[in-house]
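Asker: Mind having a look at this structure? Questions to follow.
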């Protein structure tokens, strides 16, 4: 049986360790875990857009990304604790909780090694996967154009209708009909028809974020590895230690 879901690990780095324990309890230690990891600068931008723009919460990066001392666990606003983001620690936690762990970087998945290691896939299945990867349009976040339009719409709604762009921490968020219509217009009409450019922002404007350091730590991790019989606690002795 093969189960796949981003929710198994979870998007919130503060819950990663808790989810490891929950997965171990549910699946058992003899399950094979497949962990696909992605470059932090790309993954964090994707998380930001998914949790904010696609939900209709128009927060700027410095309002979404937090550090341990600014993160508010009581707030109902979406936020991400950068100090909790630790891919090496996540890999080590799964390697110590399960007997068999396959780890591969998202940027190299076209070689199909994770299919062979995790599922015992043969050449035929790997070829089918590679063909689908080359011919199927990948999922895309809002374009840079759509994000700019979204912020303008949120600011106009604040002025005309009195709904603040940033809701108070204790106010529940709901996606309005206007939010749903905007998302459909961007995803079905504007972004597919006009030249697509990914949304970009300046990481230097995010307090407490060393994106170069996070990417450098990612580059130091192996592209692909299979761990069996529980990995050692000190899995990455050459990497800088995180608190």
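In our numbering, the protein residues as written are 60 to 302.
Beta carbons are placed, not taken as given, at the ideal position from N, Cα and C, and that holds for glycine.
Quick caveat: nothing in here was measured; it's all calculated off a predicted structure.
(1) For residue 117 and chain C, any beta-carbon pair shorter than 7 Å?
(2) Quick one, are the C-beta atoms of residue 112 and residue 181 less than 7 Å apart?
(3) In terms of residues, what are the limits of the beta strand (DSSP E) holding residue 77?
(4) Quick check on residue 99: buried or exposed, where buried means 16 or more other Cβ atoms within 10 Å of its Cβ?
(5) Decide if the stretch 132-141 is in contact with the stretch 194-207; the criterion is three or more beta carbon pairs, one per stretch, under 8 Å apart.
(6) What residue range does the beta strand (DSSP E) around residue 114 cover?
(7) Just to confirm the assignment, what range does the alpha helix (DSSP H) spanning residue 173 have?
(8) Can you tell me the Cβ-Cβ gap for residue 161 and residue 150, rounded? I've got them flagged as a contact below 8 Å.
(9) Pick from 243, 285 and 257: whose alpha carbon is nearest that of residue 105?
(10) Does DSSP put residue 93 in a helix, in a strand, or in coil?
(11) For a test of the three-state rule: what should DSSP assign to residue 125, helix, strand or coil?
(12) Excluding the 5 residues preceding and the 5 following residue 188 in the sequence, name in chain order all residues of the same chain whose CB lies nearer than 7 Å to its CB.
(13) Using CA atoms only, rank isn't needed, just tell me which of 240, 68, 103 and 225 is closest to residue 141.
(14) Is DSSP giving residue 225 helix, strand or coil here?
(15) Could you spell out where the alpha helix (DSSP H) holding residue 160 opens and where it closes?
(16) With DSSP as the reference, label residue 130 as helix, strand or coil.
(17) Contact check, residue 88 vs residue 186 under 8 Å by CB: the rounded distance?
(18) Any idea what DSSP makes of residue 202, helix, strand or coil?
(19) Check the C-beta distance from residue 250 over to residue 196 and give it rounded, since I have them as a contact under 8 Å.
(20) Would you kindly work out how many angstroms separate the C-alpha atoms of residue 73 and residue 127, rounded to a whole number?
(21) What number of angstroms, rounded off, separates the C-alpha of residue 176 from the C-alpha of residue 271?
Answerer: The answer reads as follows:
(1) The structure shown contains no chain C; it holds only a single protein chain.
(2) The sequence position of residue 112 within the chain shown is 53, counting from 1. The sequence position of residue 181 within the chain shown is 122, counting from 1. Cβ distance not < 7 Å, so residue 112 and residue 181 don't count as in contact.
(3) Here residue 77 is taken as the residue at index 18 of the chain shown, counted from 1. Looking at the DSSP string, residue 77 is not in any beta strand (DSSP E); the run it does join, the alpha helix (DSSP H), is 75-86.
(4) On the chain shown, residue 99 is found 40 positions in, with the first residue counted as 1. With 16 or more Cβ atoms within 10 Å of its Cβ, residue 99 is classed as buried.
(5) no
(6) For the purposes of this step, residue 114 is identified with residue 55 of the chain shown, where counting begins at 1. Neither: residue 114 is in no beta strand (DSSP E) and is coded neither H nor E.
(7) Here residue 173 is taken as the residue at index 114 of the chain shown, counted from 1. Note, residue 173: alpha helix (DSSP H), 172-178.
(8) By one-based count along the chain shown, residue 161 stands at place 102. By one-based count along the chain shown, residue 150 stands at place 91. The Cβ separation is near 11 Å, so there is no contact.
(9) Counting from one through the chain shown, the residue named residue 105 turns up at place 46. Ranking 243, 285 and 257 by Cα distance to residue 105 puts 257 first.
(10) Sequence index remark: in the chain shown, residue 93 carries index 34 (1-based). Strand, per DSSP.
(11) Numbered from 1 along the chain shown, position 66 holds the residue referred to as residue 125. Strand, per DSSP.
(12) The count along the chain shown starts at 1 and reaches residue 188 at position 129. Hits under 7 Å: 171 and 174.
(13) Position 82 of the chain shown, counted from the start, is the residue given in the question as residue 141. With distances taken between Cα atoms, residue 141 lies closest to 103.
(14) For this step, residue 225 is matched to residue 166 along the chain shown. In this structure, residue 225 counts as coil in the three-state DSSP scheme.
(15) Numbered from 1 along the chain shown, position 101 holds the residue referred to as residue 160. It is not in any alpha helix (DSSP H) - residue 160 instead sits in the beta strand (DSSP E) that spans 159-164.
(16) For the purposes of this step, residue 130 is identified with residue 71 of the chain shown, where counting begins at 1. Three-state result, residue 130: coil.
(17) As a first step, residue 88 must be located in the chain shown, where it is residue number 29. As a first step, residue 186 must be located in the chain shown, where it is residue number 127. The pair is not a contact, with the Cβ atoms about 33 Å apart (cut-off 8 Å).
(18) Numbered from its first residue, the chain shown carries residue 202 at position 143. Three-state DSSP puts residue 202 in a strand.
(19) As a first step, residue 250 must be located in the chain shown, where it is residue number 191. As a first step, residue 196 must be located in the chain shown, where it is residue number 137. With a Cβ gap of about 11 Å, residue 250 and residue 196 do not count as contacting.
(20) One-based indexing of the chain shown puts residue 73 at position 14. One-based indexing of the chain shown puts residue 127 at position 68. Roughly 10 Å separates the two Cα atoms.
(21) Counting from 1 along the chain shown, the entry for residue 176 is found at position 117. Counting from 1 along the chain shown, the entry for residue 271 is found at position 212. Cα-Cα distance, rounded: 31 Å.
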